[in-house]
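Number of protein chains: 2
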Amino acid sequence: MADAIARLCDPAGDPTDSSIDLIVVGPASMARRLLLERGVDPDAVRIVDAGRGASMAGNPLSTLRAHDDVTVTVAVGLVSARLADGWVSVGHTGAAVAAAVLGLGRLAGMSRPALAVVVPSLAGPVVLVDAGAATDATPDVLRQFALAGWAYSTSLGVASPRVGLLTIGSEEGKGDRLRKSAHDLLAETLPAAGVRYVGPVEGHDVALGSLADVIVTDGFTGNVLLKGIEGAVRWSAHRMGQLYGDAEPARRIVRETATSEFAGGMLLGVNGVTVVGHGAGTADEICACVRLADKAARLGLVTATQRALAAVSTT
Amino acid sequence: MADAIARLCDPAGDPTDSSIDLIVVGPASMARRLLLERGVDPDAVRIVDAGRGASMAGNPLSTLRAHDDVTVTVAVGLVSARLADGWVSVGHTGAAVAAAVLGLGRLAGMSRPALAVVVPSLAGPVVLVDAGAATDATPDVLRQFALAGWAYSTSLGVASPRVGLLTIGSEEGKGDRLRKSAHDLLAETLPAAGVRYVGPVEGHDVALGSLADVIVTDGFTGNVLLKGIEGAVRWSAHRMGQLYGDAEPARRIVRETATSEFAGGMLLGVNGVTVVGHGAGTADEICACVRLADKAARLGLVTATQRALAAVSTT
Chain S
32 MADAIARLCD PAGDPTDSSI DLIVVGPASM ARRLLLERGV DPDAVRIVDA GRGASMAGNP
92 LSTLRAHDDV TVTVAVGLVS ARLADGWVSV GHTGAAVAAA VLGLGRLAGM SRPALAVVVP
152 SLAGPVVLVD AGAATDATPD VLRQFALAGW AYSTSLGVAS PRVGLLTIGS EEGKGDRLRK
212 SAHDLLAETL PAAGVRYVGP VEGHDVALGS LADVIVTDGF TGNVLLKGIE GAVRWSAHRM
272 GQLYGDAEPA RRIVRETATS EFAGGMLLGV NGVTVVGHGA GTADEICACV RLADKAARLG
332 LVTATQRALA AVSTT
Chain Z
32 MADAIARLCD PAGDPTDSSI DLIVVGPASM ARRLLLERGV DPDAVRIVDA GRGASMAGNP
92 LSTLRAHDDV TVTVAVGLVS ARLADGWVSV GHTGAAVAAA VLGLGRLAGM SRPALAVVVP
152 SLAGPVVLVD AGAATDATPD VLRQFALAGW AYSTSLGVAS PRVGLLTIGS EEGKGDRLRK
212 SAHDLLAETL PAAGVRYVGP VEGHDVALGS LADVIVTDGF TGNVLLKGIE GAVRWSAHRM
272 GQLYGDAEPA RRIVRETATS EFAGGMLLGV NGVTVVGHGA GTADEICACV RLADKAARLG
332 LVTATQRALA AVSTT
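One line per chain: the protein sequences are S and Z, in this order.
First residue of the first sequence: 32, per this note's numbering; consecutive thereafter.
First residue of the second sequence: 32, per this note's numbering; consecutive thereafter.
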């Protein structure tokens, strides 16, 4: 993470990030030392001191409630005080989601926030939502995810995003109980809100992208699928590197994908731009998360999501 | 399908299949015509007449109950009468599963059969179970799938298969409600049956394969994940073919994977070898399904599964 911060803070660093005004949140003495080690003048960087990280073990909510100096709480505080336009976490996902809900609040019409990931499919960007924030969803929660995902896709420039429900094909009887109920609800409510609902889509549609621009699922299935896709891409890169006799181009595709908008999950349904990245992310991946937060703030993602949720709440 | 049958019935066809004694089940006049068109003498092929296929639409169970001449019923009848050692379906998955349960019966200790797919991971074959037979599973159903998957992996030659439960990583709180209960049950019951339970694994572990030889999940998640992996491999082949400037080697990997043991799902927990392939499979893929059924029959898969289930039922 220190490498990513050093690069983002250094005017000679990543030129695509030169317009981003970064605030580093964390133990200040450690941040200053790490920046110095990387040849960046710490006095040229805005550092907001925070006493402790959220531990990966235990219940994040109890840590957040017991202490007011946890990094995620301090970072969220900057956004809610309008001192920052968004924030990025690459630590504990549960802690980031909890801090965002507590500090920024949920948008009206959104009972649980969702993580949306932009998959660079063969046919264009596909928004997969939810990628791991909310397991054990209900049909109504999936309806909210559909609207928020649609708003995200619209913000990213897709003119009239097609929304699909992730299931397992018509021949098996159209999925499990949750999907059967959710399909009926989506088919009934989304068109009334001006959202194009294209019905059931399958696992391969996430990477192929020809059927839908937004693919809706619960956080358990979405997280398993996303990690399955990542594993399959690494599998392919390994096998193809061997077969072509040159591993480098295959590795480049894995790297480029990991540092695209795919790098970070956008937390939809909270009142402020929140990006959650991989805890074990490379400097390039963390820079990509910061660029994604910057982009969402500029595109007015929160307002767009608010509007999409309101369009349905009032129908 | 006719191309696959022609090749399997032709002594000069696929040499790897020369030891397989094939029976073709379906409308006999159509089968004879298709074989003739492909230059194979239909009199040299055993054809068992069956009046109708199971339609892809509607409830397969009601079709099977209303008619006794459906292809899947006739094929299963050959296995239950010991006139065949196994059977392959490349039609309606639900119809194949229903016909197998009705005609062959479930093994003791298995309340619902599961589809197991062998994924050629970087570290070796990984059995993913269930890949789509049983949605809305319970912890006890996942326990049964774990035992049956373990027996399948053992039959395939893995000495002491490691069994993992597919979930979404410790940091998110170890999965949804089903996974939390299932983990406790698997940790308690599998070691007592002599089965190595390695705990939670994630989506990427299916293609990477370093943590577990058998990965257990419900049929909804398994089917979504499997199709997601297939889509990601096609995505990779497309992207890498472009980058390397030669699409053929990438296509070969997709083809080879599709015609490995990955081609067919093995239905575990019924009293007879049953392989379910893609409805839209190529001739190569259908031949691979037939080879898989042959292999499972020779390796005594049903007996191994029976034993694994009994080991636990009696503890």
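Note that beta-carbon positions come from the ideal geometry of N, C-alpha and C, so glycine has one too.
On a predicted model such as this, the values are computed, not experimentally measured, just so you know.
Taking C-alpha positions only, residue 231 of chain Z is separated from residue 314 of chain Z by approximately 37 Å. Chain order gives no chain Z residues near residue 143 of chain S, where near means a beta carbon separation below 7 Å; the closest approach is about 13 Å. Counting only Cβ-Cβ distances below 7 Å, residue 207 of chain S has contacts in chain Z at 166, 167, 251, in chain order. For residue 295 of chain S, DSSP records a beta bridge to S:308. For residue 215 of chain S, the secondary structure class from DSSP, reduced to helix, strand or coil, is helix.
When the alpha-carbon of residue 312 of chain S is set against those of S:235, S:289, S:326, S:297, the nearest one is in S:289. At a cut-off of 8 Å between C-beta atoms, residue 270 of chain Z counts as an interface residue with respect to chain S.
The beta-carbon of residue 258 of chain S is placed less than 8 Å from the nearest beta-carbon of chain Z. One alpha carbon belongs to residue 328 of chain S, the other to residue 187 of chain S, and they sit about 11 Å apart. Around the Cβ of residue 67 of chain Z, a 10 Å sphere holds fewer than 16 other Cβ atoms; the residue is exposed. For the C-beta of residue 137 of chain S, not a single chain Z residue is nearer than 9 Å; the gap to the nearest is close to 19 Å. Here residue 140 of chain S carries a coil assignment [DSSP, helix/strand/coil]. According to the DSSP assignment, residue 91 of chain S belongs to no beta strand (DSSP E) but to the alpha helix (DSSP H) extending over 91 to 97. Residue pairing for residue 77 of chain S: DSSP places it in a beta bridge opposite S:54.
When only Cα atoms are considered, residue 63 of chain Z and residue 116 of chain Z end up about 23 Å apart.
Put simply, the CB of residue 213 of chain S is far from chain Z, with every gap to its CB atoms at 8 Å or more.
Within chain Z, the residues placing a beta-carbon under 8 Å from that of residue 264 of chain S are 263, 266, 267, ordered along the chain. Taking 7 Å as the cut-off between beta carbons, the residues of the stretch 238 to 249 of chain S near chain Z are 238, 239, in sequence order. With respect to the 8 Å criterion, residue 296 of chain S and residue 162 of chain S are classified as neighbours on the basis of their beta carbons.
When the beta-carbon positions are compared, residue 147 of chain S and residue 299 of chain S come within less than 8 Å of each other. For residue 149 of chain Z, the pairing in a beta bridge is given by DSSP as Z:158. Within the same chain, Cβ atoms closer than 6 Å to the Cβ of residue 80 of chain Z are found at 59, the five residues on either side in sequence being excluded. CA-to-CA, the gap between residue 307 of chain S and residue 320 of chain S works out to about 8 Å. Runs of the beta strand (DSSP E) spanning 3 or more residues and lying entirely within the stretch 242 to 285 of chain S occur at 245 to 247, in chain order.
Under the Cβ distance rule, residue 274 of chain Z counts among the residues neighbouring chain S, one pair being separated by less than 8 Å.
With respect to chain Z, the C-beta atom of residue 309 of chain S has no partner C-beta closer than 8 Å.
Burial state of residue 152 of chain Z is buried, judged by a 10 Å Cβ sphere holding 16 or more other Cβ atoms.
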